[in-house]
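Numbering (the UniProt record's numbering), first residue to last: 1 to 123.
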Amino acid sequence: MDAKIYEIFPLDIQLDKDQSTAALEIKEHMMNQYGIVHGGVITLFADTLMGEHAKQFYDDHTAVVTGQMNTYFINPAQSSSLYAEAHFIKKGRSNIVIECSVFADEKKVTHFNAIFHPVSKLK
1 MDAKIYEIFP LDIQLDKDQS TAALEIKEHM MNQYGIVHGG VITLFADTLM GEHAKQFYDD
61 HTAVVTGQMN TYFINPAQSS SLYAEAHFIK KGRSNIVIEC SVFADEKKVT HFNAIFHPVS
121 KLK
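Here it is, written out as structure tokens:
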């Protein structure tokens, strides 16, 4: 995982064929004006985990991109860290469907369904 995003958004990702997980330590600049983790931070966290989960099954010449993502904010994330779990719903040749749940202090705060597409890597 050598993408530039990890320089400013350090994630602890554990990849597994069945279910991948990630943890994120929350910093003050990731909070919104109400003292909860900003929804954009949670979405970036989940999208990154799901993308890494999807691309582990392809060769080095293939990337995966997000085609569609549904987001369900369930509870406010008021915690010093987040934890996420991602797993496949369907893995096809042109569409990969992944589901991801994000937790704060063992409470589910957000749920995602996303479709990813494998593409040739750009140089």
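All C-beta atoms in this analysis are idealised placements derived from N, C-alpha and C, irrespective of residue type, glycine included.
- If only uninterrupted beta strand (DSSP E) runs of at least 3 residues are considered, those enclosed by the stretch 43–95 are 62–73, 81–91.
- Boundaries cannot be given for Lys121, as no beta strand (DSSP E) includes it and DSSP labels it neither H nor E.
- The beta carbons of Glu52 and Ile13 sit closer together than 8 Å.
- At the C-beta level, Ile89 and Val64 stay beyond 8 Å of one another.
- DSSP places Glu106 outside both helix and strand once states are collapsed to three, so it counts as coil.
- Under DSSP, Val41 forms no beta bridge with any residue.
- Secondary structure note for Glu25: its beta strand (DSSP E) is the uninterrupted segment 19–25.
- In chain order, Ser120, Lys121 place their CB closer than 7 Å to the CB of His61, counting only its own chain and leaving out the 5 sequence neighbours on each side.
- Residue environment for Ser20: buried (at least 16 other C-beta atoms within 10 angstroms of its C-beta).
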